[in-house]
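Participant: Just so we're aligned, residue 141 is where the sequence shown starts under our numbering, counting upward by one. Even for Gly, the Cβ is constructed at its ideal location relative to N, Cα and C. The structure presented is a predicted model; accordingly, all values stated were derived computationally and were not measured.
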Amino acid sequence: MTSMIEENLAAVRARALAAARKAGREGSDVTLVAVSKTHAADSVRAALVAGQREFGENRVQEAMSKFPALRAEFPDLRLHLIGPLQTNKAVDAVQTFDVIQSLDRPKLAASLAGAMNRLQRRPDCYIQVNTGEESQKAGIAPSLFESFLVECRERYALPVVGLMCIPPVDEHPDRHFSQLRDLARRHGLTRLSMGMSGDFETAIAFGATAVRVGTAIFGMRATAPAPDTRD
Ligand SMILES: *Cc1c(COP(=O)(O)O)cnc(C)c1O
């Protein structure tokens with residue numbers, strides 16, 4: 141287990157570095173977020189021992205049961221929430237995560253701002269954009285993005301650092317990656333979370349600063365519990 145994860149991590153890091161170089165970028169411009177959802181704490185520990193420090197989880201409850209003990213061992217790990225967030229879990233999310241990548245609606249912006257003020261803890265936020273305009277998918281619609289960004293910044297003073305997207309599974313991701321990049325540029329946002337196991341090199345070519353890689357590091361997931369639905 142340990143050696144497989146260590147080898148996978150080395151291979152993914154090498155591929156990310158090569159993709160960055162090819163795009164005229166530095167390897168250090170791209171953060172590898174190891175997506176550990178559904179995988180046991182021992183697998184996360186193996187990745188930590190191999191030097192990995194940034195992790196992604198898509199459910200608040202699962203992260204809360206796995207990560208406090210790991211944090212005690214590895215205080216410099218950073219945890220990203222990459223799945224839909226219900227407003228009633230905003231306090232738990234602000235307490236548990238260092239980065240929240242799924243900010244996508246005004247009601248959630250209000251809850252997160254309240255939770256941050258209460259806890260005096262301000263995780264970096266990414267606005268998730270539904271670039272594919274899929275009705276069932278999380279993310280703010282592109283047509284509503286600009287007013288939502290203004291609301292997050294001015295009304296709620298949220299620390300918005302970048303954008304995140306999950307392209308439709310049945311489409312070529314290029315258009316989605318370029319759309320996210322252009323949207324970020326236009327609004328002075330420097331971070332882009334895009335790219336997963338199947339397309340992270342392409343995402344890096346389009347300017348990704350964070351790639352979210354699960355399967356290529358930890359192996360196949362057993363049937364996953366459904367992510368939290370939004371409210
Ligand atoms: C599960 C997940 C990933 C990782 O997907 P892999 O294909 O296993 O690399 C990335 N991003 C999000 C939002 C996810 O839910």
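Does the structure place the segment 157-167 close enough to the segment 180-187 that three or more beta carbon pairs sit under 8 Å?
Facilitator: Touching, no.
Participant: Nearest by alpha-carbon distance to residue 370: which of 199, 147, 150, 161 is it?
Facilitator: Answer by Cα proximity: 199.
Participant: At which residue ranges does the segment 307-342 contain complete alpha helix (DSSP H) runs of 4 or more residues, listed in the order of the chain?
Facilitator: Whole alpha helix (DSSP H) segments, 4+ residues: 314-326.
Participant: How would you label residue 339, buried or exposed, when you count the other beta carbons within 10 angstroms and need 16 or more for buried?
Facilitator: When all chains shown are included, residue 339 counts as buried.
Participant: If you run the structure through DSSP and keep just helix, strand and coil, what is residue 348?
Facilitator: The answer is coil: DSSP assigns residue 348 none of H, G, I, E or B.
Participant: For residue 265, which three-state DSSP category applies?
Facilitator: It is a strand residue.
Participant: Taking the straight line between their C-alpha atoms, what separation do you get for residue 220 and residue 275?
Facilitator: Going by the C-alpha atoms only, they are around 24 Å apart.
Participant: Please confirm whether any heavy atom of ligand 1 lies closer than 7 Å to the CB of residue 372.
Facilitator: This structure gives no information on residue 372, because the portion of the chain shown stretches from 141 to 371.
Participant: Which residue from 232, 189, 321 puts its Cα closest to that of residue 205?
Facilitator: The shortest Cα separation from residue 205 among 232, 189, 321 belongs to 232.
Participant: Any heavy atom of ligand 1 within a distance shorter than 7 Å of the CB on residue 352?
Facilitator: Yes, Cβ of residue 352 sits closer than 7 Å to a heavy atom of ligand 1.
Participant: Would you identify the three-state DSSP class for residue 357, choosing helix, strand or coil?
Facilitator: Of the three classes helix, strand and coil, the one that applies to residue 357 here is helix, per DSSP.
Participant: Just to check, is the beta-carbon of residue 337 closer than 7 Å to a non-hydrogen atom of ligand 1?
Facilitator: Within the cutoff, so yes.
Participant: Based on Cα-Cα distance, which residue from 149, 240, 208 lies nearest to residue 190?
Facilitator: Measuring from the Cα of residue 190, the nearest candidate turns out to be 149.
Participant: How about residue 264 and residue 299: are their beta carbons less than 8 Å apart?
Facilitator: It is a contact, given that the beta carbons lie within the stated cut-off.
Participant: What span of residues does the beta strand (DSSP E) with residue 254 cover, start to end?
Facilitator: No beta strand (DSSP E) holds residue 254; the alpha helix (DSSP H) holding it covers 246-259.
Participant: Helix, strand or coil for residue 194? Go by DSSP, reduced to three states.
Facilitator: In the structure shown, residue 194 sits in a strand (DSSP, three-state: E or B).
Participant: To the nearest angstrom, how far is the alpha carbon of residue 156 from that of residue 171?
Facilitator: So the alpha carbons of these two residues sit roughly 9 Å apart.
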